[in-house]
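To keep things clear, I will list the structure first and then write my remarks on it.
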Amino acid sequence: MAQRFTCLICRNEIAHPGAECPHCRGRSVIAEGASPRILVVVFGAMVALFVLTGLFARSFRSEGRSRGAQHFESAEQMMAQGRYEDAISHYRDALLYSRDNALYRLGLARALFAHGNFTETETHLVELRMEDPASGVLNLLLARLAARDNRVGEAVSYYRTAIHGHWEPGEEDARLGVRMELVEVLENAGGELQMTAELAELADTAPDDVAVRARVAALLLKRGLYDRASSLFESVLAMAPGNRNARLGRAEAEFRLGNYGAAKTHFAAAQALAEDEETAARIDLCRRVIELDPTRRGIGSGGRYARSRVLIERAIAALSHCRGTGDPGFVGPVASLPSDSAATVERAARALRKESLEALDEAFEVNILLAEEVWSVAKPLCGERPPRDEPLRLVLRKLSQ
Amino acid sequence: MNPLRDILGRLDQLSKKSPVLDEPQRFLLLSIVIGILSGLVVVCFHISIEYLNWNTIHSLEEASTFLVVLWPAAGGLAAYALVHFVVPTARGTGINYTKTAVYASDGYIPFRSVLGKFATSTLSIGTGNPMGPEDPALQMGAGIASVLGRIFHLTRDHMRLIAPIGAAAGIGAAFNTPIAAVLFVMEEVVAAWNAGVLGSIVISSVSAVVASRWFLGDEPLFRVPDFELVGYSELPVYALIGAAGGALSAVFARYAIRLRGRTTSLPDRYKLWLPALAGLVVGIAGAVVPETLGAGYEVIDGALHERFQWNTLLLFCVLKLLTMALCFSCGTPGGLFAPTLFVGGMLGGGMGGIAHRLWPASTSSTGAYVLVGIGTFFAGVFRAPMTSVFMVFELSASYQIILPVMIANTVGFLVSRRLQHESVLQLAGYQDGLDLPSAEERREAPVMCVEDAMRRGQEPLVPPQANVSDALALANRLGTDAVLVKIRHGRWGWLARRDLARAAEAGERAKAAREAVATRAVVRTHPDEPIDQALRKLAVYPLLPVASRINSSYLVGTLSVDDVHRAYGIQH
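In the order they appear, the protein sequences are chains A and B. Each residue of the first sequence is one higher than the last, beginning at 1354 in our numbering. Each residue of the second sequence is one higher than the last, beginning at 100 in our numbering.
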C-alpha cells in the first residue's frame, strides 16, 4: 500500500516527510499506511543495540568493580590503622561503585560500629542478614549491638546463631570467642541458668589450647562449676605443668570442693613456681583446716574424737565471741539466747566436761552434731561480722555436705 | 533443502506480504519492542550519566574545591548550548513534551529529540546538577515509541496512544518500578484510565524493566531497611509530614514558576548563560554540602539507613529545594522526579527525627520517615497520589509502611492542591503556550448522566391498544417527534409522529396505532448512563426509553435531544 504523509497541524496531505506543508507551512508529518517488512530491520536493530548495551554495561561494571576495589582496599588499610572516619568514607565510596557488594557493606558496618555510629550500623547489618541469615560475623555484630542496648533476649538469639552459623575459612575458631562473649553477656544480665548451660557446653567443646582451656576453666571456677573447672585445669596442667595460674586455679577448685589436701598440694606447687603472700596464706589455711578436720584419714578413733571436742570448743568460742561474752574488751549488751539455743549450748558444754573413754565413734558423732548445732546458733548472732574461725567454718561446711 | 535459505525465503515472503499482522497485533508486538528498546536506551543513558559522574564530581574528592564548583556550571552550559543550537526539541519537560505528542501531534516525536535528550541530560546530570534522569527517560521512551509507530505505519488513533506506551517503558526502566511507571503514565501523561492502552503500557513497562535489570541487575534503586509501624499514635506525625510536603510543593510550584517566567522572558543571549549560573550556585552548594550534587539517590539511601541526623536532613532538604528550583527555572536539562523524591525524603526524615527525639518510645526510626516522606513532595508536585503511594510500596515491599504512606501522600496531595490549584508541569506548560489536560482536571470535571436530563414519568408511552388518533394527540401534546410503545418485557418501540399524522390523513384514525404505522424497536438507556453515550443512541433514535436498572421492564422516563439541550442550557 502506498504511504500517505499528512501534516500534523492542518491534516492536509503533503508529498514527503521532509516537505513543507503548502497549506500551513508546517513541517511535522506522520505517515499512514502499512508495511510490516521493516519488522526484520527493527529486530536486527534491537539485537545490535542489545549487544552494544551489553558491551557498554560490561565495561561499566568492570570499571565500577575496579574503582570499588580500590576504595575498599584503602578502607581496609584505614581500618587497620584505626582511622575509622576515613575508613567509613572509603567504604561508602566503594559501595557507590558496587552497591550490591555485601563485603563492602559489611566493612562499612564494622567501621561504623568501631566509630560508634550504632544506629546506622544496625540498619546495614539487618539488611545484610536478610540476605545471609546464618552468617556468623553478621550475627555476632548484631548481638553486640543488642547487648549494648540491653536487649538481652535478642542478643542471646544473635549470639546463638553466630555460634552455630557459618564463618569464613580460618575464622571458625571465633565460635569459641562468641560463646565466651555470650557467657559474659549472660553474666552481666544475670542469666545464671543459661550461663551455666553455656559454660558446660564450652567446657565440652574447648579446643586443645592452653590459653583457651585456662580461660574457660577460670570462667567455670568463677561460676561455681568447681568439678568441671578442676578437670579442665588438670588437662591444662597436663599440657603445661609449669602454668602457675592453672596450678592456682586447680588448687582453688579443689579447695572449693573441700579437697583441702589436694588444694594444699597444688597451692604449694604454685608457690614453688613463684612465691607470693596470698598463696602462702592459702597454704596455711589449708594446713589449719586439715589439722582440724576430724574426718581425715589415718588419725584413728581417738584422734577423731579429740578433734570433735576441739570443734565443740571452737564453736562455743565463736558463739561467745558473737554474743560478746568471750571478748574481755567487749562493752556492749550481751545478746540473749532463746531457750532452745541455750539448751543446745548447755548440752555442748556438758559434752565437753564429760570425757568419754569408750564408744569413741558414737561420742564422735554426737560431738559433731553438737558442734554443728552450736555453730548454727552462732551464725545468726555473728550476722555481718566476719567469721573469726575460718578453719572451723570450712570444716563444719564440709561435714554438713 | 538448506534451512538457512528456507528461513530467508520465508522472511522474504513475509516482507512481501502486506499486511502480515493486523493493527492490534502490531500494536501489541510494538509494545514489547518499545519496552525492550527503551529499556536498552535507558540502560545506556544511566551508564553514561554514571560514567560522567565518576569522572567529574566523584573523581575530584582529592582535587580542589574550585573544580567541584565549576563542573555543574560547565555541564549546564554545555547541555543548554546543545539544546539551544542543535536540538531545540529537547527543551522543556519530557512529560509535557509527551503530552503534547499525545494531545496535539498525533503521537509524533522526532527521533532527534531522543538523541538530544540523551546527550543534554547526560551532560547536565552527570556533572552534578540536581536533576533526575526519569523525565528525560520518559521522553526518550516516548520518542522511541513514536519512531517505531511511524516505522510500523500505525493509524492515527494508535499513534496517539503509542507515546504513553514508550513513556511508561522509559520511566519503568529508569526507576526500576514497573507498577509505579504504569500508574504515573496513566495519571500524568494519558490523564485518564484508558483501558484500551493499559495492557500495552503494562507490557512495555515490564519489558523495559526486564531489559534494564538484565544489564544493571535487579538491585532496587534504594536498599530499604525493614520498617514497621511502632503504633497508631505516630500516624499524626506522618500526616504532619504529608501536610508539610504538600505545603512545600505548593511553595515550590508558585516561586519556581514565577522565576521560570522571568527567565524565559529574557533575551536568548542571556538565557544561554542561565544554566551555567545555576550550575555555579549548585557547585558552590555542592562544595560545602556534597550530598546536594546530582540526582541524590545514594543520599536517600544513606538517609534510609540512618546515616544523617535530623538537622542535616533538613539542611539537605532546603539546599536541594533551592538548587532544583533554580535549575528548573533556568532551563537546565533534566527532570524533577529524583529531586522531588530527595526533598520529600529529607523533609520526612528531618521531621521524623524531631518527632523521634520528642517521643522516642512511640515513634519509628528516622529511616521510616524518610521512606514515607519520599512520596509526599512528589504527590504535591506531580499531583499523582496513586503513583506516589505505589512507588513507595514498590520500593519498600513492606505492607507495614503502606498505611502511613497512604495517609502522608494523600494529605500532601490535598494540601498542595488546596494551596496551589495547578501543578508545576501545568503552569510550566502555560508558560510554554501549551494547554494540556491533566488527570486532576478530568477527574473533577462534572459528568452529566441521563438522569440529569431525562423527562421523568411514563407520559410518552402509549398503551398497546391505543389507536392512531390517541397516539397522535399524545405526540402533539408533548411536542415530541415520536411516542413509545411497549413491545414486550423490557423492550420498547417507537412510532413516528409523521407516520401517525400520515395514517390519520389516510382515514385510519380509529385503527390501532401499532397496526397502522410501522413500529421500530428502540434501544433503552439507564439513568446512570453518561449523556455522551445516550447522545450516540439519540443519533439513531428520536426518543430513548430510560429503564430502571433493577426492573428493566419499568420505564423511569424518556430522553430526547431536546431534553439534553435543555439540561445543558442550550436555547433553540
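The beta-carbon is built from N, C-alpha and C at its ideal position, and this holds for glycine as well.
Within-8 Å CB hit, residue i to chain B
i                : result
R1497 of chain A : no
H1443 of chain A : no
H1477 of chain A : yes
F1403 of chain A : yes
R1501 of chain A : no
L1459 of chain A : no
E1743 of chain A : no
M1399 of chain A : yes
D1561 of chain A : no
R1463 of chain A : no
I1383 of chain A : Confidence in I1383 of chain A is poor, its pLDDT being 45 and thus under 50, which makes the residue's placement unreliable; the coordinate value appears in the next sentence. Yes, contact with chain B.
V1395 of chain A : yes
D1453 of chain A : yes
Under 7 Å by beta carbon: chain A residues contacting residue i
i               : result
R406 of chain B : E1473
Reduced DSSP category for residue i - H, G, I as helix; E, B as strand; rest coil
i                : result
K1751 of chain A : helix
N410 of chain B  : helix
E1366 of chain A : strand
T657 of chain B  : strand
P319 of chain B  : coil
E1385 of chain A : For E1385 of chain A, the pLDDT reaches just 45, beneath the cut-off of 50, and the residue's location in the model is therefore unreliable, although a value from the coordinates is still provided. DSSP places E1385 of chain A in strand when its eight states are reduced to three.
A688 of chain B  : Outside the displayed span of chain B (100 to 671) sits residue 688 of chain B, for which this structure offers no information.
H1376 of chain A : coil
R665 of chain B  : helix
L1745 of chain A : helix
A460 of chain B  : coil
R482 of chain B  : coil
A394 of chain B  : coil
Contacts that residue i makes with chain A (C-beta to C-beta distance below 9 Å)
i               : result
L373 of chain B : Going along chain A, no residue has its Cβ under 9 Å from L373 of chain B, so there is no contact; the nearest lies around 28 Å.
I135 of chain B : M1399, L1402 and F1403
In DSSP terms, what residue i is bridged to
i               : result
W591 of chain B : B:K585 and B:V621
L560 of chain B : B:L583
C548 of chain B : B:P629
G231 of chain B : B:G434
L643 of chain B : B:L658
A507 of chain B : BP columns for A507 of chain B are empty, so no partner.
A611 of chain B : B:N566
Under 7 Å from the C-beta of residue i: neighbouring residues of chain B
i                : result
L1535 of chain A : Ordered by position in chain B, no residue passes the 7 Å Cβ test against L1535 of chain A, which lies about 25 Å from the chain.
R1504 of chain A : Within 7 Å Cβ-Cβ: nothing; R1504 of chain A doesn't reach chain B, min ~14 Å.
Buried or exposed (CB count within 10 angstroms, at least 16 for buried), residue i
i                : result
G656 of chain B  : buried
P559 of chain B  : buried
N1596 of chain A : buried
S1753 of chain A : exposed
Y498 of chain B  : exposed
A1433 of chain A : exposed
G668 of chain B  : exposed
I1383 of chain A : Only weak support is given to the placement of I1383 of chain A: the predicted model assigns it a pLDDT of 45, under 50, and the value that follows is read from those uncertain coordinates. The residue is buried, with at least 16 neighbouring Cβ atoms inside 10 Å.
A1559 of chain A : buried
Y653 of chain B  : exposed
Y369 of chain B  : exposed
Cross-chain neighbours of residue i in chain B, by beta carbon under 8 Å
i                : result
F1413 of chain A : I146, E149 and Y150
L1449 of chain A : H157 and E397
T1420 of chain A : Thr is not the amino acid found at residue 1420 of chain A; the sequence shown has Arg there. Per Cβ cutoff of 8 Å: W153.
Partner residues on chain A for residue i, Cβ-Cβ distance less than 8 Å
i               : result
L315 of chain B : A1410
P123 of chain B : Ordered by position in chain A, no residue passes the 8 Å Cβ test against P123 of chain B, which lies about 13 Å from the chain.
I243 of chain B : Those within 8 Å of I243 of chain B in chain A number zero; the least Cβ separation is about 10 Å.
Residue i at chain A interface by Cβ criterion, 8 Å
i               : result
P459 of chain B : no
P641 of chain B : no
V132 of chain B : yes
R322 of chain B : yes
C143 of chain B : yes
I250 of chain B : yes
E607 of chain B : no
G265 of chain B : no
The ligand FAD heavy atom lying under 7 Å from the CB of residue i
i               : result
M450 of chain B : The ligand content of the structure shown is nil, which means the ligand FAD is not present either.
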